[in-house]
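If you're matching them up, the sequences are chains A and B in order. The first sequence begins at 1 in the numbering used here and counts up one residue at a time. The second sequence begins at 1001 in the numbering used here and counts up one residue at a time. Cβ coordinates follow ideal geometry from the N, Cα and C atoms, glycine included. Remember, it's a predicted structure, so these values are computed and weren't measured experimentally. Below is one structure; the comments refer to it alone.
2 protein chains.
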Amino acid sequence: LYRPVAGVAADLSQARIVVCDVPDKPGVAASLFTALANENISVDMIIQSYARKVSNTNDIAFTVDASDLAKTMTVLDKLKNEIGASDVKVDDEIAKVSIVGAGMIDRPGIASTMFETLARLGVNIKMISTSEIKISCLVEKADAQKSLKGLHTVFNLESDIMADVKG
Amino acid sequence: LYRPVAGVAADLSQARIVVCDVPDKPGVAASLFTALANENISVDMIIQSYARKVSNTNDIAFTVDASDLAKTMTVLDKLKNEIGASDVKVDDEIAKVSIVGAGMIDRPGIASTMFETLARLGVNIKMISTSEIKISCLVEKADAQKSLKGLHTVFNLESDIMADVKG
Ligand SMILES: C[C@@H](O)[C@H](N)C(=O)O
Ligand SMILES: C[C@@H](O)[C@H](N)C(=O)O
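Rendered as structure tokens:
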């Protein structure tokens, strides 16, 4: 039985940070992530969508392990004026819910099936990030369990749901 | 010689679309990607950052092969009022420049090195998306060649640069 989706996972150990309204010019992303790397902070996801044309600014979102949140905020407190950010927002009530499998991206219908499943459960999708082998949605922590269960069912996966939860 | 970054690639065959100001409630992402899947449109990247709190709206960005752009716009023309989008923006002058390697995400410094390299070359990073094995930046098509060259050098990769270009 060919399964385009091999597994589902939920990671509840991360916090999401957004650095808001930075100038959309070369060097800004570099300054931000160099400062974090200098403190040895490991970043999991980086999500940056397109810049706003009128203000020529953008937001840079990323996730870190919740245990690194305090250290991350210390770095950003010092850095935000330097890079021109208007604000730094934190959300530590997130869960990263992912479906994984080989060659998913070239199969229209897999992402939409994941999103439809979450929608049917009333789960709001806060952020989305994809790669060829993984589609990840950030949702409320409180929605993680039912999201996991729903995705296991729709993709015919009988694995131990609790084994796929991190954090 | 351990190389955390195994290769660099540039994909010039894609176009980026942004569906703007959609309501941040369950079902919106599902409607959008179901409509695309129904037309058999293959989506490569999906990037959705956090929603704007005041308006409770969000933007959903994604890329398709340039050859699917016309078909995609036909779908979106019909769909945009239905899902409440204010606008649909298209950018077909993008190149997706990626570094790939095993276990990059847990190594602080790799993303920042990529971003610093692009910054030093004066290349603006339009969008960012990451996974454990790949960090992708969308840049101007005109910046693809020098981005590729710069990244090959900084990550000590002597491969044939032209072999890593798609589209
Ligand atoms: C916003 C940020 O990514 C900027 N465009 C840069 O290149 O650094
Ligand atoms: C914006 C869109 O992703 C919405 N939050 C949804 O869940 O469908």
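- In terms of beta-carbon proximity, glutamine 48/A lines the interface with chain B, with at least one pair separated by less than 9 Å.
- Here DSSP, grouped into helix, strand and coil, assigns glutamate 39/A to coil.
- According to the DSSP assignment, isoleucine 83/A belongs to the alpha helix (DSSP H) that extends over 69 to 83.
- Interface residue (Cβ-Cβ distance to chain A less than 9 Å): valine 1005/B is not classified as such.
- The C-beta distance from valine 1075/B to aspartate 1044/B rounds to 16 Å, too long to meet the 8 Å contact threshold.
- In the structure shown, arginine 1052/B falls within a strand segment according to DSSP collapsed to helix, strand and coil.
- Shown here for aspartate 1087/B: same chain residues with a beta carbon closer than 6 Å to its own, the five before and five after excluded, namely Cys1020 in chain order.
- As computed with DSSP, isoleucine 60/A is found in a beta bridge with Val19/A.
- Between ligand 1 and glutamine 48/A, a heavy atom-to-CB distance of less than 8 Å is present.
- Taking all protein chains in view, the Cβ of aspartate 1164/B is crowded by 16 or more other Cβ atoms within 10 Å, so the residue is classified as buried.
- Residue-level contact by beta carbon fails for leucine 12/A and chain B, as no gap is shorter than 9 Å.
- Beta-bridge annotation (DSSP): threonine 1130/B is paired with Ile1135/B.
- Here aspartate 92/A carries a coil assignment [DSSP, helix/strand/coil].
- Using a cutoff of 8 Å, the CB of isoleucine 1060/B counts as near ligand 2, since one of the ligand's heavy atoms is closer than that.
- Rounded to whole angstroms, the separation of the alpha carbons of glycine 1007/B and valine 22/A is 30 Å.
- Here arginine 16/A is buried: its Cβ has 16 or more other Cβ atoms, across all protein chains shown, within 10 Å.
- Of all residues in the segment 98 to 122 of chain A, the ones placed with a Cβ closer than 9 Å to any Cβ belonging to chain B are Ile105, Asp106, Arg107, Pro108, Gly109, Ile110, Ala111, Ser112, Thr113, Met114, Phe115, Glu116, Thr117, Leu118, Ala119, Arg120, Leu121, Gly122, in chain order.
- When Cβ-Cβ separations below 9 Å define contact, isoleucine 1133/B makes contact with chain A.
- In terms of Cβ geometry, leucine 12/A and alanine 95/A form a close pair [threshold 9 Å].
- Proximity of leucine 1079/B to chain A, defined by a Cβ-Cβ separation below 9 Å, is not satisfied.
- The way I'd put it, the segment 35 to 54 of chain A does touch the segment 1094 to 1111 of chain B; three or more beta-carbon pairs between them come closer than 8 Å.
- For glycine 1150/B, the enclosing alpha helix (DSSP H) has its first and last residue at 1144 to 1154.
- Assigned with DSSP and collapsed to three states, lysine 166/A falls in strand.
- Short of 7 Å from the beta carbon of alanine 1051/B, and not among the five residues preceding or following it, lie these beta carbons of its own chain, in chain order: Asp1024, Thr1057, Asn1058.
- Selection Leu138/A, Gly122/A, Ser129/A evaluated against isoleucine 1047/B yields Ser129/A as nearest (Cα-Cα).
- Taking a 10 Å sphere around the C-beta of threonine 1117/B, we find 16 or more other C-beta atoms and assign the residue as buried.
- Nearest CB-CB separation between serine 129/A and chain B: below the 9 Å threshold.
- Each residue's CA atom was taken as its position, placing phenylalanine 1062/B and valine 1018/B some 6 Å apart.
- With respect to serine 1131/B, isoleucine 1105/B sits close: the two C-beta atoms are nearer than 9 Å.
- A distance below 8 Å between beta-carbons, with the five flanking residues on each side excluded, links alanine 1066/B to the following residues of its chain, in chain order: Ser1013, Gln1014, Ala1015, Asp1092, Gly1167.
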